[in-house]
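Okay, so here's the structure we're looking at.
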Amino acid sequence: MRLKGQIALVTGGSRGIGRGIVKAFAREGAKVAFVYRGNKEAADSLVAEVQGLDGTIMALQADVAKAEDAKTCVEKIEKEWGPVEILVNNAGIIRDDLFVRLEPEAWNSVIETNLGGTFNFTHAVAYGMMKARKGRIINISSVVAEHTNPGQTNYAASKGAINAFTRALAVELASRGVTVNAIAPGFIETDMSAAVRNKAGDLIKKMIPARRLGEPEDIAKAAVFLASSDAGYITGQVLTVDGGLSLGASAM
Ligand code: NAP
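Residue numbers (my numbering): 6 to 257.
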């Protein structure tokens with residue numbers, strides 16, 4: 006078990022990629038707290054699934070866009086288990102539209118959730134990790150930060166900023182034993198990508214050299230690696246996990 010006894014916090018853990026990461030961390034022996042926004046049914050089913058595997062898990066309802074919520078979540082984990090040693094900033098949303106039609110509310114909610122949420126939770130744990138001289142921060146970005154699509158100015162801006170934030174914070178925390186990395190997934194089979202997959206799933210598969218969409222487990226395996234002691238000398242990196250999509254090969 007690569008994360009035995011470690012205390013992890015995964016935002017947006019109830020569904021999709023986050024759910025895959027929660028389960029993978031629990032299988033590796035971590036105590037895992039996760040944040041969800043509103044889907045209690047999904048959160049409850051994850052708690053039951055992990056407890057069924059004898060894992061230790063805690064569900065926290067919160068809005069990552071609210072700094073107070075982040076503080077409250079971290080305080081609750083500290084009180085019950087101890088300081089957070091691994092943070093995965095995964096919660097994210099899309100509100101796609103062509104820029105000229107994009108409502109300010111759609112811009113703000115994506116930036117506040119994806120980038121603001123990453124700031125809020127990182128801010129709530131960073132000082133404790135520095136003091137402990139130990140920590141892992143993993144931010145879930147996207148290949149869209151570098152290879153974008155029409156209608157995604159808000160989402161691409163949030164993910165590009167997450168990559169820049171990852172590098173800048175890594176420089177500040179490296180000497181304190183805390184690594185900060187990002188994972189940039191390609192097309193992963195989750196609720197978030199359902200609309201695009203339903204419309205263009207076969208075409209997307211043709212664009213991916215691996216000829217398949219990714220699964221949450223593909224991202225979870227990378228997260229386990231970055232959280233483990235094997236990755237202790239890796240910091241400030243954006244690890245792309247996309248089956249080769251971003252290599253830009255033309256569809257065959
Ligand atoms: P998803 O299936 O839509 O799940 C999103 C998760 O985030 C849910 O657990 C949701 O909670 C939670 N969440 C959303 N807004 C929140 C908020 N304000 N506060 C707290 N929790 C919130 O998404 P996903 O596809 O797994 O995506 C996860 C991350 O990967 C995102 O950052 C996304 O940008 C990134 N990503 C995804 C893909 C892809 O193809 N799927 C590709 C690249 C990057 P509820 O269940 O309560 O709503």
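Built from N, CA and C at the ideal position, the CB exists for glycine as well. As the structure is a prediction and not an experimental result, all values here were calculated from the model.
Query                                                                                                           : Result
Three-state class that DSSP yields for Pro221 in the structure shown                                            : helix
Those runs of the alpha helix (DSSP H) which lie wholly inside the segment 195-220 and span at least 4 residues : 199-212
Short Cβ contact (8 angstroms threshold) for Asn113 with Ile98                                                  : no
Residue closest to Gly21, alpha-carbon to alpha-carbon, out of Ser233, Ile224, Val148                           : Ile224
Cross-strand partners of Met63 (DSSP beta bridge)                                                               : Ala38
Pro109 Cβ short of 7 angstroms to the ligand NAP heavy atom set                                                 : no
Three-state secondary structure assigned by DSSP to Leu8                                                        : coil
Span separating the alpha-carbon of Val69 from that of Ala187                                                   : 18 angstroms
Cβ-Cβ separation, Val115 to Asn159 (assumed contact under 8 angstroms), whole Å                                 : 4 angstroms
Delimiting residues of the alpha helix (DSSP H) encompassing Pro109                                             : 109-115
For Ala96 and Ala258, the rounded distance between their alpha carbons                                          : This structure gives no information on residue 258, because the portion of the chain shown stretches from 6 to 257.
Counterpart residues of Val15 in DSSP-defined beta bridges                                                      : Phe39, Val93
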